[in-house]
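Novice:
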Amino acid sequence: MKLLGILSVYCFLIASINATRTVDNFLSQSDVQKLQNIYNEGLKSNDLQSIYYSVINSKAIPADVKANLCKKLSTIHTESKLNDFEKNFYYIGASTSLLCSEKLPANLITQLKSSFDKEFSSTQEMFYNFYAQKALDPSVFQESVKTKLSKNLQAIFKKDDSLASLGYGFYIASELGSLGSFAFDRIEDAIAQSDEVDGKMLQFEGGLSITSLVVNGAFKVATINSKPAPLTSEQATKFATYFLSRRSVTTAKGASVLMESLKTISEQKSITPIAIRIADNGQLQPESPILKIRITNLLGEVLKEKPAAVKVAIKSKTSIQKVVDGENLAPVAADLTLYKLELASKKLPKGQYSVEVVAGEFKQPSLSFTILGKVRLDKVEVTIADIDSQSPSKKVLLEGGKKFPEIYSLDHQQKIGLRFDIFDDQTNKVISVHQAFVRFTEKSGEEIIFIAEQDVAKAYKFEMDKRPPRFVSDLFTGLCFAPVFVLFILWGRLGINCSNFSFSLSALGFHGGLGLIFSLFLCFWLQLDMFQTIKYLLPLALFTFLCGNKVLRYIASKRLEKPAKE
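Residues -19 to -1, 1 to 547 (mature numbering (1 follows the signal peptide of the UniProt record, and there is no 0)) make up the sequence shown, in order.
#1: Give the secondary structure of G341 by DSSP, where H, G and I count as helix, E and B as strand, and everything else as coil.
#2: In the DSSP assignment, the alpha helix (DSSP H) including L489 goes from what residue to what residue?
#3: Among G158, S237, L399 and F97, which has the Cα closest to the Cα of N206?
#4: Which one of A75, L265 and P254 has the shortest CA to CA distance from K328?
#5: If you count every other CB in all the chains shown that lies within 10 Å of the CB of E156, and 16 or more means buried, which is it?
#6: If we count the other Cβ atoms within 10 Å of its Cβ and call it buried at 16 or more, is R534 buried or exposed?
#7: Classify K33 as helix, strand or coil using the three-state DSSP reduction.
#8: Does DSSP put N409 in a helix, in a strand, or in coil?
#9: Three or more beta-carbon pairs under 8 Å between the region 135 to 142 and the region 177 to 196, yes or no?
#10: Counting only beta-carbon separations shorter than 8 Å, does A440 have a partner in chain C?
#11: Within the same chain, show all residues whose beta-carbon is closer than 8 Å to that of T299, passing over the 5 residues directly before and after it, in chain order.
#12: What number of angstroms, rounded off, separates the C-alpha of F350 from the C-alpha of L24?
#13: Roughly how many angstroms lie between the CA atoms of S125 and D98, to the nearest whole one?
#14: Just verifying my parser: in three-state terms, what is the DSSP assignment at P346?
#15: For R2, count the other beta carbons within 10 Å of its own beta carbon; 16 or more makes it buried, fewer makes it exposed. Which is it?
#16: For E286, which of E22, S247, I259 and L147 has the nearest alpha-carbon?
#17: Taking the beta carbon of D12 as the centre, do at least 16 other beta carbons fall within 10 Å, making it buried, or is it exposed?
#18: In whole angstroms, what separates the C-alpha of C528 from that of L495?
#19: Under 6 Å Cβ to Cβ from F343, same chain only, skipping five residues before and after it: list those, please.
#20: Check each candidate in K410, I276, D406 and V339 and name the one with the smallest Cα separation from P267.
#21: Does the region 390 to 403 touch the region 361 to 371, meaning 3 or more C-beta pairs lie closer than 8 Å?
#22: Which full runs of the beta strand (DSSP E) of 3+ residues lie inside the region 439 to 477, going along the chain?
#23: By Cβ distance below 6 Å, which residues in the same chain neighbour L(-16) in space, the five residues on each side in sequence not counted?
#24: Short check: CB of Y112 to CB of F70, under 8 Å?
#25: For the region 418 to 434 and the region 372 to 391, state whether three or more C-beta atom pairs, one from each stretch, are separated by less than 8 Å.
#26: May I ask which residues mark the beginning and end of the alpha helix (DSSP H) holding A44?
#27: Could you give the DSSP three-state label for L389: helix, strand or coil?
#28: Taking only the alpha-carbon atoms, compute the straight-line gap between S214 and Q249 and give it to the nearest angstrom.
#29: Given that a residue counts as buried once 16 or more other Cβ atoms are within 10 Å of its Cβ, and exposed if not, what is H58?
#30: For Q92, report the span of its alpha helix (DSSP H) as first-last.
#31: I want to know whether the region 227 to 234 touches the region 309 to 323 - three or more CB-CB distances under 8 Å.
#32: With H, G and I counted as helix, E and B as strand and the rest as coil, what does DSSP make of L317?
#33: Run through DSSP, which three-state label would G398 get?
#34: Is the beta carbon of Y441 less than 8 Å from the beta carbon of I412?
#35: Since F101 and N133 are thought to touch, with beta carbons under 8 Å apart, how far apart are those beta carbons, to the nearest angstrom?
#36: Could you name the residues of the same chain whose beta carbon sits closer than 8 Å to that of S76, not counting the 5 residues immediately before and after it, in chain order?
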């Protein structure tokens, strides 16, 4: 009985892992277009690696671009600072893929062929030489050559079992057939070296290139030797999540290995995850709330085996109650990746909801969407009152977006306020919003924005800042100019000593720059905003600083000269 219980728990855990074999993202059309743009730029570059990966991933290269690439490949190969075996691989791979009429150098072909007569010192060297020769002439790899490579590879594995060495070695082993089956025993140790990130992703130290190298190589070895998948479904999901997180790659090699990795995992029917996510932005309009779920493979393509049924359970994040349980989604005829559920009949209030989607054997438990709400302003009331009075002397009720019935004149002894209620258009109840802004716009386009605060009656109100008396404004304006007045008074009494003033370019530049900065502050006070002022201030400040630094050095040198003369 105890053994039966343990077996039941084990089976339940396996079923749970398989059931949640989903990711919430995929390679969208915009992502694919971005990757293609990287390849297009790579075709224009003078980097041999970028050219190679761009060529093998571009479907239709214009004839003139091909001709230009074929002409410059030899020069780029000569000038490349990569290892000889690596740049030879990129050169031969690009040339054969482009079907260039230009012949490859005879010494390069001879050097490549003779490299298989000796032992390779690393799996990286073996990898690049092997695939370069395969692109050029695969007939070289007779059984005797493969046997030699197999022994060489096993010897290298004993000396170097780093992730990079194993990754390159897995690729070679997959080309050797049964002679490379020994590499399968190394896969488990390699996968065990992966690092888990946030409990959601798996990756290897070294980033996208190494992770892709090891994962793709492991699957190649397992496939060629008819072995079970080298990853569990949970590991495949976490590696897929990592690869999808790297959709923002910027290099041609990164784009290429990313696509290869996603394709490799997508082809593993028994362990591959699928993508289940909310379509669009997850914000549903209150007039016609339609929940749309997109279900694809990792590449954003239609699933080869579509689920028999797609069901959802929806829970309100506010009340923590299920509002929909086990409803079937209907497929959208125009898009085979889309499924929808009409929510109008459910009459769900506005707010945030969590969604659990079950599509056959797959389950996505952590999606969310928002039903938006329409609000309306009511009881919009403008009040005019004296500064010292608590009760308004005049109230104006504005209804339906109407304007003021007449023009009102106010002075600094009066204040103006605004009060309004915000109603939920669906429930007709007063609601609270995160923040309410009131904007006043003049015909010239200038605007002032105020924040309205909610009172105990749940009404929003604010009072405009009262304008200070004329005397206060004049007083503080005078205080701003006081330092200038004091300066002129002191100059008048003490006199101005201009004997030490230098008319050098640095001195003129410093004083001119200082004057321009003061003028800029005046413009800021009168017209400019903070960001415009900073934009103009930065170059002025840099120029003034450099000139001032030179002036100070000149003054310091003059002071040092005087004691020397005495």
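The beta carbon of each residue, even a glycine, is placed where N, CA and C say it ideally should be.
Specialist: Quick answer:
#1: G341 carries a coil assignment under DSSP once its states are collapsed to helix, strand and coil.
#2: Segment L486 to L507, the alpha helix (DSSP H) holding L489.
#3: When only C-alpha atoms are compared, the closest one is G158.
#4: Looking at the Cα atoms, L265 is the closest of the given residues.
#5: Classification for E156: buried.
#6: Exposed, since its Cβ has fewer than 16 Cβ neighbours within 10 Å.
#7: For the record, residue 33 in the displayed sequence is Tyr; it is not Lys. Here Y33 sits in helix by DSSP.
#8: Three-state DSSP puts N409 in coil, outside helix and strand.
#9: Not touching, per the Cβ criterion.
#10: Absent from the structure: chain C. Only one protein chain is present.
#11: Excluding residues within five positions, the ones whose Cβ falls inside 8 Å are G332 and Q333.
#12: F350 and L24 have their C-alpha atoms spaced approximately 42 Å apart.
#13: Computed Cα separation, rounded: 11 Å.
#14: Here P346 sits in strand by DSSP.
#15: Under this definition R2 is a buried residue.
#16: E286 has its Cα closest to that of S247, out of E22, S247, I259 and L147.
#17: It is buried - the Cβ of D12 has at least 16 other Cβ atoms within 10 Å.
#18: So the alpha carbons of these two residues sit roughly 10 Å apart.
#19: Counting only Cβ-Cβ distances below 6 Å, and skipping sequence neighbours, we find R2, T3 and I255.
#20: In this structure, D406 is the residue among K410, I276, D406 and V339 with its C-alpha nearest to the C-alpha of P267.
#21: With contact defined as three or more Cβ pairs closer than 8 Å, the region 361 to 371 and the region 390 to 403 are in contact.
#22: Runs of beta strand (DSSP E) with 3 or more residues, each lying fully within the region 439 to 477, are found at 441 to 444, listed in chain order.
#23: The pLDDT assigned to L(-16) is 39, lower than 50, so where the model puts this residue is not dependable, and the model offers no usable value.
#24: In this structure, Y112 places its C-beta atom within 8 Å of the C-beta atom of F70.
#25: With a cut-off of 8 Å, the region 372 to 391 and the region 418 to 434 do not count as touching, because too few Cβ pairs lie within range.
#26: A44 to E60 is the span of the alpha helix (DSSP H), which, as asked, contains A44.
#27: Per the sequence presented here, residue 389 reads as Tyr, with Leu not at that position. Correct three-state label for Y389: coil.
#28: Annotation: S214 to Q249 spans about 10 Å, alpha carbon to alpha carbon.
#29: By the neighbour-count rule (16 or more Cβ atoms within 10 Å), H58 is buried.
#30: Here the alpha helix (DSSP H) through Q92 covers A87 to S95.
#31: Contact fails: fewer than three Cβ-Cβ distances are below 8 Å.
#32: Look at L317 here: in three-state DSSP terms it is strand.
#33: DSSP, reduced to helix, strand and coil, places G398 within a strand of the structure shown.
#34: No. Outside cutoff.
#35: Confirmed, Cβ separation roughly 6 Å.
#36: Once the five neighbours on either side are set aside, the close Cβ partners of S76 are C51, L54, E83 and L85.
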